[in-house]
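Scroll down for the structure; my scribbles are underneath it.
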């Protein structure tokens, strides 16, 4: 029932190294196949670059500082959108989960909106907020909000009635129920919503930057296409994917480990 | 002094599926003295948990009154602490966090509440487990924590809803014995709901027998057993056996036709599942 902390945290250094190794193997394999395929097919470099071209594009972006400008811009917008989504989506979800009528009314709308969240709102975002920072942040917020609110609502609904009763019978005032019971009780589902929402948000960010920004990772790959710099496009794609892995592993996984896993509440879903 | 007084309690609800009015509690009256242990015994589905839920303030009666310390019950309150069958511990709180929860809600300073918590954790034999989380404890330990969590608030009455029904038979015996020990040292007032005749008799000063739905008080039986009590001596005691036999017969007579609807829900889906948050 309770795994030892060492095995949960990845354990000793050799085991962590071996985990990192096996995580890297498929990517190395992909790079090898890519290099061979480009070499054998003789495809024009402007159409699809060789591995070494992408590596030098990286180096070029590093030296010129573009790498940091674009990554910084993207992460800043992402951060703002995520904070806005957390501050709005979680309270809204808790509110819905606390009221049967509200939940019954809003649940179909939320499920409908999850499908449209983010990218489909770009036209409105630019119409209302113009081409720039605010539209991109809006898209990140919008992409995350519905998934986060919907999952939070589910989480609150799944808190056993007896837990809420126990809290009430121990004198918990209504205004403290949110922090003391509803939020921690719904956390397994909130984490699920966060994971799904961050995925939508990240993709929404890239798409919005292609259309509505003058800096950022999405913008950089879009701009590169104009100049047939496929090496930069691929480098940008790699950064986007790698940053997502970092967000998932460095933020979500530790959050899960310290809360729902530690409390024995890990939801069996996905 | 009467700590709990239930008079002509009556509860009806409308069944969500059939739309019919169901009488869950017919007419129930009894009282519990301060420092008394009363078991409420009845067949499954007789409405005994509904009575407890009304006393706890989770549910409201259709008519009749419930007085605790002379005051009308109005919603849940720490003066009526509840030990649940499902334990209902907070998974995100440590053992210490669970025990101090009620005190914290009432603004007791940290040092004071931790002192109280340690005293009650020791009482239930959980000293040394303060930093564990509930899922790391066995079922028996979890329910001991459930008891400590309620007693730490020093309630006027401790309400226990079939608290040992979800632990294995050996652990149950042990917990029952521990509960009598705690009762004998602390003398809380206890309202204990069960459908287990042996358990009702072993623990209680008096046993309130409810008839099947719509429930009424069939009889109130005083248990002629000295304290302290232990299972070994109780089982050999003719008074214990007599009381158990008497109550078993009483329950059998009250049963309409040995219809074993064991897990019949005690509160309706309609009444029991309404969200409270």
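Chains as they are written, first to last, in the UniProt record's numbering: chain G, 1 to 270; chain V, 1 to 277.
Glycine included, C-beta positions come from ideal geometry on N, C-alpha and C.
Treat the numbers as computed from the prediction; the structure is a model and nothing was measured.
Would you call the CB atoms of residue i and residue j closer than 8 Å?
| i | j | result |
| --- | --- | --- |
| residue 146 (chain G) | residue 87 (chain G) | no |
| residue 99 (chain V) | residue 120 (chain V) | yes |
| residue 251 (chain V) | residue 197 (chain V) | yes |
| residue 57 (chain G) | residue 215 (chain G) | no |
| residue 181 (chain G) | residue 159 (chain G) | yes |
| residue 114 (chain G) | residue 150 (chain G) | yes |
| residue 140 (chain V) | residue 171 (chain V) | yes |
| residue 148 (chain V) | residue 94 (chain V) | no |
| residue 206 (chain G) | residue 240 (chain G) | yes |
| residue 36 (chain V) | residue 205 (chain V) | yes |
| residue 98 (chain G) | residue 179 (chain G) | no |
| residue 247 (chain G) | residue 194 (chain G) | no |
| residue 144 (chain V) | residue 167 (chain V) | no |
| residue 21 (chain V) | residue 28 (chain V) | no |
| residue 212 (chain G) | residue 131 (chain G) | yes |
| residue 38 (chain V) | residue 32 (chain V) | yes |
| residue 128 (chain V) | residue 84 (chain V) | no |
| residue 101 (chain V) | residue 76 (chain V) | no |
| residue 80 (chain V) | residue 163 (chain V) | no |
| residue 193 (chain V) | residue 49 (chain V) | yes |
Would you please verify whether the beta carbon of residue i is less than 8 Å from any beta carbon of chain G?
| i | result |
| --- | --- |
| residue 92 (chain V) | yes |
| residue 39 (chain V) | no |
| residue 13 (chain V) | no |
| residue 172 (chain V) | no |
| residue 31 (chain V) | no |
| residue 16 (chain V) | no |
| residue 76 (chain V) | yes |
| residue 128 (chain V) | no |
| residue 160 (chain V) | no |
| residue 139 (chain V) | no |
| residue 72 (chain V) | no |
| residue 102 (chain V) | yes |
For residue i, does the three-state DSSP call read helix, strand or coil?
| i | result |
| --- | --- |
| residue 117 (chain V) | helix |
| residue 203 (chain G) | helix |
| residue 64 (chain V) | strand |
| residue 43 (chain G) | coil |
| residue 8 (chain V) | strand |
| residue 214 (chain G) | coil |
| residue 138 (chain G) | helix |
| residue 80 (chain V) | strand |
| residue 74 (chain V) | coil |
| residue 33 (chain V) | strand |
| residue 262 (chain G) | coil |
| residue 27 (chain G) | helix |
| residue 216 (chain V) | strand |
| residue 192 (chain V) | strand |
| residue 14 (chain V) | strand |
| residue 21 (chain V) | strand |
| residue 209 (chain V) | strand |
| residue 187 (chain V) | coil |
| residue 94 (chain V) | coil |
| residue 89 (chain V) | coil |
| residue 241 (chain V) | helix |
Give the residues of chain G in contact with residue i, contact being defined as C-beta atoms less than 8 Å apart.
| i | result |
| --- | --- |
| residue 133 (chain V) | 262, 263 and 264 |
| residue 153 (chain V) | 170 and 171 |
| residue 47 (chain V) | Neighbours of residue 47 (chain V) on chain G: none; closest Cβ ~18 Å, over 8 Å. |
| residue 56 (chain V) | 165 and 169 |
So which residues on chain V does residue i lean against when the C-beta distance must stay under 7 Å?
| i | result |
| --- | --- |
| residue 166 (chain G) | 82, 84 and 88 |
| residue 184 (chain G) | 92 |
Are the C-beta of residue i and some C-beta of chain V separated by less than 8 Å?
| i | result |
| --- | --- |
| residue 160 (chain G) | yes |
| residue 163 (chain G) | yes |
| residue 132 (chain G) | no |
| residue 256 (chain G) | no |
| residue 268 (chain G) | With a pLDDT of 49 at residue 268 (chain G), under the threshold of 50, the predicted position of this residue should be treated as unreliable, though the coordinate-derived value follows. Taking Cβ atoms only, chain V never reaches closer than 8 Å to residue 268 (chain G), which makes this a no. |
If the cut is a Cβ gap below 7 Å, which residues of chain G does residue i touch?
| i | result |
| --- | --- |
| residue 188 (chain V) | None at all; the shortest Cβ gap to chain G is about 15 Å. |
Which chain B residues sit within Cβ distance under 9 Å of residue i?
| i | result |
| --- | --- |
| residue 106 (chain V) | Judged by its chain identifiers, the structure shown contains no chain B, and its protein chains are G and V. |
Q. Which parts of the stretch 102 to 166 of chain V are runs of the alpha helix (DSSP H), unbroken and 4 residues or longer, counting only runs that do not cross its ends?
A. You should have 110 to 123 and 139 to 151.
Q. Can you list the beta strand (DSSP E) stretches of 3 or more residues lying completely in the stretch 146 to 188 of chain G, in chain order?
A. Taking only runs of at least 3 residues, no beta strand (DSSP E) segment lies wholly in the stretch 146 to 188 of chain G.
Q) What are the complete alpha helix (DSSP H) segments, minimum 4 residues, inside the stretch 45 to 110 of chain G? A) Listed in chain order, the alpha helix (DSSP H) elements of length 4 or more contained wholly in the stretch 45 to 110 of chain G are 51 to 64 and 66 to 98.
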